[in-house]
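Enquirer:
Pasting the structure below:
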């Protein structure tokens with residue numbers, strides 16, 4: 088089982104360039120998430136998709152857009168990259184996100200990350 | 341803003357010793373989860389404790405939760421070199437999202 092697959096693993100951009108980070112999961116999960124991880128800050132939620140066809144803003148959505156292409160795929164787009172977006176980006180998925188769902192269905196499974204540098 | 345904050349930020353122990361790290365949070369929660377991150381990798385779920393539970397065990401892991409103090413602790417017993425990693429607590433409140441702390445970096449010396 089591949090689990091959650093992110094591409095690319097590394098990327099260097101110049102300020103103002105655009106790019107799309109890809110994420111795919113093969114666990115038939117309903118919910119998917121994008122986080123960024125900066126030193127000393129833990130993970131911060133950028134956007135999430137509770138189910139296919141829906142997306143919502145997280146804690147730090149400015150400068151990003153997302154697309155839930157289908158149940159498997161959830162992409163993150165930087166339209167005009169800025170140095171402040173230099174970070175490690177993680178995609179995650181979970182079976183459910185509802186408050187009264189079984190706890191096991193709320194556990195999140197993470198990809199290996201994309202290390203992005205914006206010069 | 342981060343809901344959980346881990347303490348200490350870093351911990352260095354000898355192989356075979358126990359490692360204890362704490363997590364404090366600010367608002368009421370539905371459950372609290374602990375995740376591990378090895379260097380250069382994604383996070384891996386370790387254990388989940390519900391708000392109505394006080395203690396939970398999984399192998400060499402023991403988690404406690406004190407909702408009155410809004411705190412949790414993770415104990416790793418008989419540590420091994422493979423336990424070297426960063427450990428994050430994540431709280432789940434009524435808005436369905438997980439909120440992660442900044443993590444505790446654990447180094448296990450051989």
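Residue numbers (this note's numbering), protein chains in the order written: chain R, 88 to 206; chain H, 341 to 450.
Backbone N, C-alpha and C fix where the C-beta goes; we use that ideal spot for every residue, glycine too.
#1: Starting from the C-beta of residue 206 (chain R), find all residues in its chain whose C-beta is less than 8 Å away, skip the five residues before and the five after it, and write them out in chain order.
#2: Check the Cβ of residue 441 (chain H) against every Cβ in chain R and list those closer than 8 Å, keeping chain order.
#3: Measuring only between beta-carbons, confirm whether residue 382 (chain H) sits less than 7 Å from chain R.
#4: Could you name the residues of the same chain whose beta carbon sits closer than 6 Å to that of residue 341 (chain H), not counting the 5 residues immediately before and after it, in chain order?
#5: Shorter than 7 Å from the beta carbon of residue 307 (chain H) to some beta carbon of chain R?
#6: Please name the residue, chosen from R:94, R:114, R:167, that lies closest to residue 159 (chain R) on a Cα-to-Cα basis.
#7: Name the chain R residues that come within less than 7 Å of residue 415 (chain H), Cβ to Cβ?
#8: Would you kindly check if the distance between the Cβ of residue 179 (chain R) and the Cβ of residue 161 (chain R) is under 7 Å?
#9: Applying the criterion that 16 or more other CB atoms from any shown protein chain within 10 Å of the CB defines a buried residue, is residue 93 (chain R) buried or exposed?
#10: Is residue 161 (chain R) close to chain H, meaning its C-beta is less than 7 Å from at least one C-beta of that chain?
#11: Along the chain, which unbroken stretches of the alpha helix (DSSP H) at least 4 residues long are found entirely within the stretch 115 to 155 of chain R?
#12: Can you find at least 3 beta carbon pairs, one from the stretch 439 to 447 of chain H and one from the stretch 411 to 427 of chain H, that sit closer than 8 Å?
#13: Could one say the Cβ of residue 140 (chain R) lies closer than 7 Å to chain H's Cβ atoms, at least one of them?
#14: Since residue 136 (chain R) contacts residue 155 (chain R) with CB under 8 Å, what's their CB separation in whole angstroms?
#15: Does any CB atom of chain H fall closer than 7 Å to the CB of residue 97 (chain R)?
#16: Please report how far the alpha carbon of residue 396 (chain H) lies from the alpha carbon of residue 125 (chain R), in whole angstroms.
#17: Going by other Cβ atoms of all chains shown within 10 Å of its Cβ, with 16 needed for buried, is residue 344 (chain H) buried or exposed?
#18: I need the straight-line Cα distance from residue 414 (chain H) to residue 361 (chain H), nearest angstrom please.
#19: Just the Cα atoms here: how many angstroms apart are residue 448 (chain H) and residue 375 (chain H)?
#20: Whole-angstrom Cβ separation of residue 400 (chain H) and residue 418 (chain H), contact assumed at under 8 Å?
#21: Consult DSSP for residue 179 (chain R) and reduce its assignment to one of helix, strand or coil.
#22: Let me see if you follow: with CB-CB separation under 7 Å, is residue 446 (chain H) close to chain C or not?
#23: Since residue 166 (chain R) and residue 116 (chain R) are thought to touch, with beta carbons under 8 Å apart, how far apart are those beta carbons, to the nearest angstrom?
#24: Report the neighbours of residue 193 (chain R) on chain H: residues whose CB is nearer than 9 Å to its CB, in chain order.
Expert: Looking at the atomic coordinates:
#1: If the five residues before and after residue 206 (chain R) are omitted, its C-beta is found closer than 8 Å to the C-beta atoms of 99, 100, 101, 102, 170, all from its own chain and listed in chain order.
#2: Residues of chain R passing the Cβ test: 129.
#3: It does; some Cβ of chain R falls within 7 Å.
#4: Reliability of the predicted coordinates at residue 341 (chain H) is poor, the pLDDT of 49 falling under 50, and the value obtained from them is presented with this limitation in mind. Counting only Cβ-Cβ distances below 6 Å, and skipping sequence neighbours, we find nothing.
#5: The structure shown does not extend to residue 307 (chain H), since chain H is modelled only from 341 to 450, so the question has no answer here.
#6: Proximity to residue 159 (chain R) across R:94, R:114, R:167 peaks at R:114, based on C-alpha coordinates.
#7: Ordered by position in chain R, no residue passes the 7 Å Cβ test against residue 415 (chain H), which lies about 20 Å from the chain.
#8: When the beta-carbon positions are compared, residue 161 (chain R) and residue 179 (chain R) stay at least 7 Å from each other.
#9: In summary, residue 93 (chain R) is buried, with 16 or more beta-carbon neighbours lying within 10 Å of its beta-carbon over all protein chains present.
#10: At a cut-off of 7 Å between C-beta atoms, residue 161 (chain R) does not count as an interface residue with respect to chain H.
#11: Those alpha helix (DSSP H) runs which fall completely within the stretch 115 to 155 of chain R and span 4+ residues do not exist here.
#12: Verdict: yes, contact present.
#13: Closer than 7 Å: no.
#14: For residue 136 (chain R) against residue 155 (chain R), the beta-carbon gap comes to about 4 Å, under 8 Å, which counts as contact.
#15: No, no contact with chain H.
#16: Between the alpha carbons of residue 396 (chain H) and residue 125 (chain R) lies a distance of about 30 Å.
#17: Looking at its Cβ environment, which holds 16 or more other Cβ atoms inside 10 Å, residue 344 (chain H) is buried.
#18: Their backbone Cα atoms lie some 5 Å apart in a straight line.
#19: Roughly 17 Å separates the two Cα atoms.
#20: Right, their Cβ atoms sit about 6 Å apart.
#21: Strand.
#22: Note that chain C does not occur in the displayed structure, where the protein chains are R and H.
#23: Not confirmed; about 27 Å, so no contact.
#24: Those within 9 Å of residue 193 (chain R) in chain H are 370, 371, 373, 388, 432, 436, 438.
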